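Line by line, the protein sequences are chains A and B. Counting in UniProt numbering, the first sequence runs from 1 upward without gaps. Counting in UniProt numbering, the second sequence runs from 1 upward without gaps. Built from N, CA and C at the ideal position, the CB exists for glycine as well. Quantities reported herein were computed from a predicted structural model and do not represent experimental measurements. Structure first, commentary second.
2 protein chains.
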Amino acid sequence: MKQYSTLYKQELLENVIPFWMKHSKDEKHGGFFTCLDQFGNVFDTDKFIWLQGRETWMFSMLYDKVEQKQEWLDMAVHGADFLKKHGRDAEGNFYFSLNQQGQPLVQPYNIFSDCFAAMGFGALYKVNPKDEYADIARTTFQNILNRRENPKGKYSKAYPGTRDLRNFSLPMILSNLSLEMEHLLDKSLIESLSQEIIQEVMGVFFHPESGLILENVYQDGSFADCFEGRVINPGHIIEAMWFIMDLAVRKGDQALVKRTIEIALNALEYGWDKEFGGLFYFKDINGFPPQQLEWDQKLWWPHVEALVCMAKAYAATGDERCQKWFDKLHDYTWNSFRDEQYGEWFGYLNRRNEVLLPLKGGKWKGCFHVPRGLYQVYKTLENVEVNQPELVKL
Amino acid sequence: MKQYSTLYKQELLENVIPFWMKHSKDEKHGGFFTCLDQFGNVFDTDKFIWLQGRETWMFSMLYDKVEQKQEWLDMAVHGADFLKKHGRDAEGNFYFSLNQQGQPLVQPYNIFSDCFAAMGFGALYKVNPKDEYADIARTTFQNILNRRENPKGKYSKAYPGTRDLRNFSLPMILSNLSLEMEHLLDKSLIESLSQEIIQEVMGVFFHPESGLILENVYQDGSFADCFEGRVINPGHIIEAMWFIMDLAVRKGDQALVKRTIEIALNALEYGWDKEFGGLFYFKDINGFPPQQLEWDQKLWWPHVEALVCMAKAYAATGDERCQKWFDKLHDYTWNSFRDEQYGEWFGYLNRRNEVLLPLKGGKWKGCFHVPRGLYQVYKTLENVEVNQPELVKL
């Protein structure tokens with residue numbers, strides 16, 4: 001497993017990061033282009049806040065954890081300045097998207113814009129401790145907590161009272177964000193919040209009959225027999241499991257580490273396409289046709305997140321099943337998504353693993369899952385004990 | 001071409017309509033089930049207003065135009081009663097969806113719920129002239145016109161002023177709805193409205209460089225170089241062209257008939273998958289990756305609408321190109337979508353024309369496009385002059 005570390009580091013630093021350095025910076029209006037075709041050409045100039053925040057985070061993190069390269073810090077500042085100047089409405093909520101010049105296009109209906117902006121400013125503050133970065137990160141985080149019970153606010157189309165569902169995405173992102181914001185928040189807030197989130201993800205959204213995590217449940221955690229209640233997103237479960245595993249390792253909670261690994265393995269088994277390989281994007285837990293027409297497609301991020309999850313699972317327990325899955329995921333992912341010819345990775349394949357959209361970035365894919373995943377695997381496996389996995393068992 | 005008429009009539013009356021008669025009626029709570037699996041079993045009980053209105057329309061229309069079967073009238077009344085009782089909020093806007101019992105699930109953010117409800121009540125009034133049906137149809141139609149400039153109202157997520165786009169869907173549906181509502185509305189309103197709609201569809205949304213119709217344009221009709229502005233929906237264009245052709249035939253406007261046919265033929269050429277056959281769901285007019293992950297899928301409705309459009313085009317002009325396209329579409333559509341074994345038609349195929357979702361109805365597919373299309377083709381070709389297409393030329 002240790003040998004993978006070098007490969008992932010090399011891919012991160014020699015292929016993926018240079019691609020974004022070269023193609024994504026908007027020198028004219030600030031911020032980042034993310035709609036990049038196979039060759040890196042910009043095919044659309046809109047700026048999506050999720051991806052502005054994520055790229056800001058990425059370059060801050062690399063500067064913090066990999067090497068103090070001035071060009072990385074400059075990229076992070078470049079993203080943060082654009083977000084600071086154009087990203088928020090008068091109440092401090094982050095818009096969903098802006099045009100190239102920074103004028104708002106889509107209202108702040110989506111709380112994940114705020115999550116990824118907070119993540120970006122939080123990480124940048126670590127390496128460039130300007131008060132305003134800390135202020136924006138803290139205020140935004142507080143705003144997320146305030147909006148937590150009704151994140152879509154007035155943009156919610158659900159009629160209240162008939163079928164009030166709880167959605168898994170926000171606690172899942174908060175499990176990661178609370179660790180990312182650790183240096184900026186009260187220790188007691190982090191403690192109580194992470195405890196609450198673990199309980200929510202592993203208690204409320206966990207579905208004992210299948211051993212999986214549901215995307216939407218009734219308020220009391222019970223199963224909702226409707227499209228939203230039946231949908232399973234294997235990649236989402238697996239990503240959440242490494243977030244929770246990080247919290248568990250930090251707490252020294254071995255039992256929780258093991259639970260996250262079992263659920264991740266369940267999701268891999270359940271989500272894997274036995275015919276063509278790769279993880280399905282969505283499935284219906286009762287085997288009915290899912291609502292999502294893209295259900296059978298293979299997306300980059302579930303596979304990258306699964307690699308991270310299995311690397312961490314192996315490092316924490318030496319569990320052979322995790323090693324086997326890592327090998328299988330590695331072969332599939334590198335063969336299917338990586339673009340040998342023009343750099344970076346494709347994002348969207350059809351069920352047969354043929355490229356469906358020949359883009360390197362778009363509305364949802366930016367400088368995030370691929371480089372974060374490469375970094376996580378490289379760091380996780382860097383010091384793993386070869387042939388002595390028992391040594392790193394918790 | 002005339003021979004097709006019998007086949008389409010038979011498919012309508014012996015396969016498709018019996019399927020919905022048998023499986024879609026909710027005897028317990030009223031309204032219709034539309035989430036039906038391959039065999040006709042209900043897999044989800046939510047009631048989507050689009051499909052409640054459309055099925056009400058379908059059975060009313062069949063009773064009006066095909067045969068005065070009591071069971072068809074009963075189905076229409078069954079749908080209308082449910083819509084009347086549960087469909088609207090206090091302001092008379094139709095919700096998007098209800099649960100099985102009729103309690104609102106999703107708010108009235110979508111004006112097409114109102115369009116299809118008005119269409120259903122309007123058609124039912126023709127065959128069952130109760131004042132309340134006319135009232136609901138008229139009031140709802142007026143409400144649609146009032147909401148026309150800002151159909152999503154408070155649920156719109158677009159930030160006003162940055163990139164105000166006009167969307168093609170509402171004028172397109174109104175071109176059909178205004179004819180469907182003819183018996184209930186002022187003649188002068190219909191005249192001015194249809195004139196306005198023709199101008200909007202054929203003027204504002206028409207894109208001269210490609211000969212196609214755009215889904216979204218700037219307020220002045222100019223091209224918007226963004227995802228929404230670049231997207232082409234070939235099936236949508238072709239469906240709109242038969243709506244406008246109906247208006248043109250009614251006005252005796254031969255030049256307009258010919259323009260609709262040229263645009264429909266452009267859309268067929270442009271949308272056809274040269275490798276696997278069938279019409280793509282979405283394309284980007286500049287050849288960039290579209291936003292819609294389902295872009296390369298083959299959906300039932302564009303093909304059914306294309307059959308209707310080519311049948312009408314042939315009947316109106318005898319144009320051989322339309323006959324050739326009809327033959328080609330017929331072979332492809334009947335071979336790919338029709339389920340010989342369990343009745344009705346599949347709705348969603350992947351690019352290779354394999355069944356992607358083995359359902360007969362769902363959130364968007366109900367008792368509508370297939371039976372309406374079969375009816376339209378059967379009626380259109382019933383009296384077409386064999387071997388003498390010149391005779392029916394305008």
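Span of the beta strand (DSSP E) around residue i
i	result
F43(B)	42-44
G361(A)	359-361
N216(B)	216-218
Terminal residues of the alpha helix (DSSP H) in which residue i lies
i	result
R166(B)	Segment 165-167 is the beta strand (DSSP E) holding R166(B); no alpha helix (DSSP H) there.
K126(B)	111-127
D37(B)	Not the alpha helix (DSSP H): D37(B) falls in the beta strand (DSSP E), residues 35-37.
A224(A)	Run containing A224(A): none; DSSP gives neither H nor E here.
H369(B)	369-382
Q3(B)	2-10
Q341(B)	No alpha helix (DSSP H) contains Q341(B), which DSSP labels as neither H nor E.
R250(B)	234-251
H29(A)	Careful: H29(A) lies outside any alpha helix (DSSP H) and carries neither H nor E.
L145(A)	131-147
F19(A)	17-23
Close Cβ partners of residue i (< 6 Å) along its chain, the five nearest in sequence each way excluded
i	result
L322(A)	The sequence given here has Cys at residue 322(A), not Leu. M310, A313, Y314, listed in sequence order.
D64(A)	K126, V127
V204(A)	G221
F39(A)	Y342
H23(B)	L36, G40
W242(A)	V308, C309, K312
Y155(B)	Y109
I238(B)	A264, A267, E305, A306, C309
residue 458(A)	No answer is possible for residue 458(A): the residues shown for chain A start at 1 and end at 394.
Within-9 Å CB hit, residue i to chain B
i	result
Q103(A)	yes
Y4(A)	no
Y378(A)	no
Q107(A)	yes
W295(A)	yes
Y155(A)	yes
D273(A)	no
Y348(A)	yes
N383(A)	no
E340(A)	no
Minimum Cβ-Cβ distance from residue i to chain A less than 9 Å
i	result
N150(B)	no
P290(B)	yes
N286(B)	yes
A158(B)	yes
F96(B)	yes
N99(B)	yes
F19(B)	no
E390(B)	Unreliable positioning characterises E390(B) in this predicted model, as indicated by a pLDDT of 46, which lies under 50. The coordinate reading is nonetheless provided below. No, E390(B) does not count as interfacial toward chain A.
F227(B)	yes
F43(B)	yes
P358(B)	yes
K28(B)	no
Beta carbon of residue i nearer than 9 Å to that of residue j
i	j	result
L145(A)	L374(A)	no
I198(B)	L124(B)	no
E305(B)	H369(B)	yes
F96(B)	T140(B)	no
M58(A)	A118(A)	no
L214(B)	L193(B)	no
H29(B)	G102(B)	yes
Q297(B)	Y348(B)	yes
P302(A)	G235(A)	yes
F276(B)	R351(B)	yes
F19(B)	K363(A)	no
Cβ-based neighbour list, residue i, same chain, cut-off 7 Å, excluding 5 preceding and 5 following
i	result
M202(B)	I244, R259
D44(A)	C35
E390(A)	Caution applies to E390(A), whose pLDDT of 46 falls short of 50 and renders its modelled position unreliable; the value that the coordinates give is listed next. G318, listed in sequence order.
I136(A)	K84, F121
P104(A)	Y95, L98
Residues near residue i by beta carbon distance below 8 Å, same chain, minus five either side
i	result
I285(A)	H207, S210, L212, L214, R230, V231, I232
Check your understanding: Could you give the uninterrupted runs of the alpha helix (DSSP H) lying entirely in the region 160-213 of chain B, keeping only those of 4 residues or more?
Key -> If we require 4 residues or more, the alpha helix (DSSP H) runs fully inside the region 160-213 of chain B come out as 169-180, 187-199.
**Study point:** Any beta strand (DSSP E) of 3 or more consecutive residues that is wholly inside the region 51-122 of chain A
**Key:** 104-106
Check your understanding: In the region 260-329 of chain B, which residue ranges form an unbroken alpha helix (DSSP H) of at least 4 residues, counting only runs that do not cross its ends?
Key -> 300-317
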